[in-house]
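Participant: Below is a structure I'd like to ask you about.
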Amino acid sequence: MLHICLIISVVCATGTTMPLPDLFSYSPAVGGGSGTEYSTAHEGCITGIKIWEYSGSYIYGLQLKYDTNWTTIIGSENGNPQVMEFYEKEYITQISGKYDSSYIYELIFVTNLGRFLKVGQPAGNSFNIYPAQRGSDLRFLSIRTNGWAIASIGAHWSVIRNCDMSVNTAIKKV
Ligand SMILES: *[C@@H]1O[C@H](CO)[C@@H](O)[C@H](O)[C@H]1NC(C)=O
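In my numbering, the protein residues as written are 20 to 193.
As structure tokens, this is what we get:
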């Protein structure tokens with residue numbers, strides 16, 4: 020099996036002028052390294068995001084929506100929740116924010132339509148993470164939490180799939 024893979028790689032590398040596209044990329048986590056790591060990986064396409072900020076403090080909780088279903092809340096529901104639900108053909112293409120060595124203080128989720136959800140405090144260091152390839156969007160997040168607040172966040176990107184399913188269309192028409 021290994022030999023077959025090697026041969027195919029060589030054929031692909033020498034037989035075409037185009038390199039094979041790298042479909043996935045990972046933006047390493049920013050923030051603190053302690054706590055339990057969770058993944059939001061889920062079937063379907065991301066259609067919404069909900070974040071709990073706490074006045075004058077760090078980000079407490081985060082939840083993503085895939086198709087019609089919200090994932091389990093990562094962190095806690097302390098503070099003020101902010102929600103963004105996406106339009107058709109709207110995808111997360113950048114995450115920015117502020118962090119220190121223990122927590123995430125601010126999160127900005129930017130979409131391909133130029134809209135964004137901005138939550139939290141301008142305290143600490145800035146970060147800006149993007150997919151490595153043009154035409155990619157967010158698939159899921161890796162998040163560390165002490166069960167209370169969000170300690171770190173990392174992002175997994177891949178090329179945009181066809182996410183314009185009838186289920187999404189139905190939601191957007193409401
Ligand atoms: C959402 O939940 C419904 C009902 O449990 C399930 O049938 C569907 O497959 C779920 N969709 C996703 C994307 O998880």
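From the three backbone atoms N, C-alpha and C, an ideal C-beta is built for every residue, glycine too.
Please read these numbers as outputs of a predicted model, since none were measured by experiment.
Alpha carbon to alpha carbon, how far is Trp176 from Val102? Give it in angstroms, no decimals.
Facilitator: 21 angstroms
Participant: Quick one: what does DSSP say His61 is sitting in, helix, strand or coil?
Facilitator: coil
Participant: Would the stretch 56-73 and the stretch 153-165 be scored as touching if the rule is three or more Cβ pairs under 8 angstroms?
Facilitator: yes
Participant: With distance defined between alpha-carbon atoms, name the residue in Pro47, Phe43, Asn97 nearest to Ile148.
Facilitator: Pro47
Participant: I'd like the span of the beta strand (DSSP E) that includes Gln140, first residue to last.
Facilitator: Per DSSP, Gln140 belongs to no beta strand (DSSP E) and is neither H nor E.
Participant: Does the pairing of the stretch 83-96 with the stretch 115-132 give three or more beta-carbon distances under 8 angstroms?
Facilitator: no
Participant: Along the chain, where does the beta strand (DSSP E) that runs through Leu157 open and close?
Facilitator: Where Leu157 is concerned, the enclosing beta strand (DSSP E) stretches over 155-164.
Participant: Relative to the alpha-carbon of Thr91, which residue among Lys108, Phe105, Ile68 has its alpha-carbon at the smallest distance?
Facilitator: The closest CA to that of Thr91, considering only Lys108, Phe105, Ile68, is found on Ile68.
Participant: Grab me the residues of Pro150's own chain with a C-beta within less than 6 angstroms of its C-beta, minus the 5 sequence neighbours each way, in chain order.
Facilitator: Ser44, Trp176
Participant: Cα separation between Cys64 and Tyr106?
Facilitator: Inter-residue distance for Cys64 and Tyr106 is about 12 angstroms (C-alpha atoms, whole angstroms).
Participant: Cβ of Gly63 within 7 angstroms of any heavy atom in ligand 1?
Facilitator: Checking the Cβ of Gly63 against ligand 1 gives yes.
Participant: So, at 6 angstroms on beta carbons, what are the nonlocal neighbours of Ile190 in its own chain, with the 5 sequence-adjacent residues on each side left out?
Facilitator: Annotation note: pLDDT 43 at Ile190 (below 50); position unreliable, coordinate value reported separately. Result list for Ile190: empty, nothing under 6 angstroms.
Participant: On the criterion of 16 or more Cβ atoms from any shown chain inside 10 Å, does Arg153 qualify as buried, or is it exposed?
Facilitator: exposed
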